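Asker:
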Amino acid sequence: MAITGASRQHRFARARRPRHRDAHWISPVRSRDRTAHVPLPSGTRYRDESNLYRLDADHRCTRIAGGVKVSNGLAWSPDGRTMYHSDSRGGVIFRYAYDPETGSIGKRKVFVSMHAEWGRPDGGATDEEGCYWSCGISGGRITRLNPSGELIGYVEMPVTHPTMPCFGGSNGRTLYVTSLRENLSDAELARTPQAGGVFMLEPGVAGAPAAHYQG
C-alpha cells in the first residue's frame, strides 16, 4: 500500500559501506568523481548559478534550462511527458512539459515550494502512480508529492541529510536512499552516526519505468 497518511514507520536496512569514496551524481547535477579522468556532468554551477544540459544521441550537449542555484532532482512522470527539476538552494521544485522523442521541454512552472520542515529539495524520483519523491536535505525526511504538488506522505529518515532516492530491486519496489556525511559537525555525527550510509526501504509502490539513453 502506498504512503497516503502524514507519515509511516519503516524499518531501514543499511547497505554495505563502499570501498571507494568517489562522489558523483547521475543526470541532474554536477559531477565531482575524484578518480575520473574526464567527468561529464549534465548540470554545471558557476558563480552560484546552475544550468541543465541535455546529452543527445549524437553526443551533442545542449543547454535546456538555467536560472537556478543548484540544479538537482531530475525525474520524469511514468508516461515520460513531464520532467521535474529542483533547485536545492532555492527550495523549489519545477515541472516542465517534456517531449520524449526530441528531449525538448516546455515552459517552466513551479511544482512546489518546499516548506522549511520538509528540508531543501535534493535528489528526486517518481513512482508508478506519478508521485514525486524528494529527499529533504537538512529536513531528515523524504516527501511524497502527488502530480498536483500536494504533500500526501513522508518518511522520516534516521539521518538529517538524505540526498537521493532511487527505486530498484527485482521488482522496482525497493527505495534506496543515499545520505550526506561530509561537513557535518561532530555533534551532528554523534546524533546521527549512520550519516553517509545508503538505506533501503519498501514504500509500498514501485518506481516509474526507467528511460534508456539511446546514444
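Under this note's numbering, think of the first position of the sequence shown as 12, with each following residue one higher.
By construction, the Cβ of each residue, glycine as well, lies at the ideal position given by its N, Cα and C atoms.
Note that the structure is predicted; figures quoted are calculated from it, not measured.
Quick one: is H70 buried, meaning 16 or more other Cβ sit within 10 Å of its Cβ, or exposed?
Answerer: exposed
Asker: Can you list, in chain order, the residues of its chain whose CB lies under 8 angstroms from that of D206, leaving out five sequence neighbours each side?
Answerer: Per the sequence shown, residue 206 should be read as Ala rather than Asp. Around A206: V170, T171, H172, S190, L191, R192, L195, E199 and L200.
Asker: What does a CB cutoff of less than 8 angstroms around T185 pick up in its chain, not counting 5 residues either side in sequence?
Answerer: F178, G179, M211, L212 and E213
Asker: Within 10 Å of its beta-carbon, does D110 have 16 or more other beta-carbons around it, so buried, or fewer, so exposed?
Answerer: exposed
Asker: Could you give the DSSP three-state label for L200: helix, strand or coil?
Answerer: helix
Asker: Should S82 go down as buried or exposed, given a rule of 16 or more other Cβ atoms within 10 Å for buried?
Answerer: buried
Asker: Classify V121 as buried or exposed, calling it buried when 16 or more other Cβ atoms lie within 10 Å of its own Cβ.
Answerer: The residue is exposed, with fewer than 16 neighbouring Cβ atoms inside 10 Å.
Asker: Whole angstroms is fine: what's the gap from G5's alpha carbon to V216's?
Answerer: Nothing can be reported for residue 5, as the shown portion of the chain is limited to 12 through 226.
Asker: Which of the three DSSP states, helix, strand or coil, is assigned to A76?
Answerer: strand
Asker: Closest by CA to D98, which one among L162, G218 and I148?
Answerer: It is I148.
Asker: Using DSSP with H/G/I as helix, E/B as strand and the rest coil, what is A86?
Answerer: Three-state result, A86: strand.
Asker: Name the two residues that bound the continuous beta strand (DSSP E) containing D98.
Answerer: Residue range T93 to D98 is occupied by the beta strand (DSSP E) that includes D98.
Asker: Kindly indicate which three-state DSSP category E167 falls into: helix, strand or coil?
Answerer: strand
Asker: Per DSSP, D138 is paired with what?
Answerer: G218
Asker: Looking at C-alpha atoms only, which residue of A219, H223, K118 and Y224 is the closest neighbour of T137?
Answerer: A219
Asker: Do you know offhand how far G183's Cα is from C142's?
Answerer: 15 angstroms
Asker: Since I153 and P132 are thought to touch, with beta carbons under 8 angstroms apart, how far apart are those beta carbons, to the nearest angstrom?
Answerer: I153 to P132, Cβ: 11 angstroms. No contact.
Asker: Measuring CB to CB, does E60 end up less than 8 angstroms from G77?
Answerer: yes
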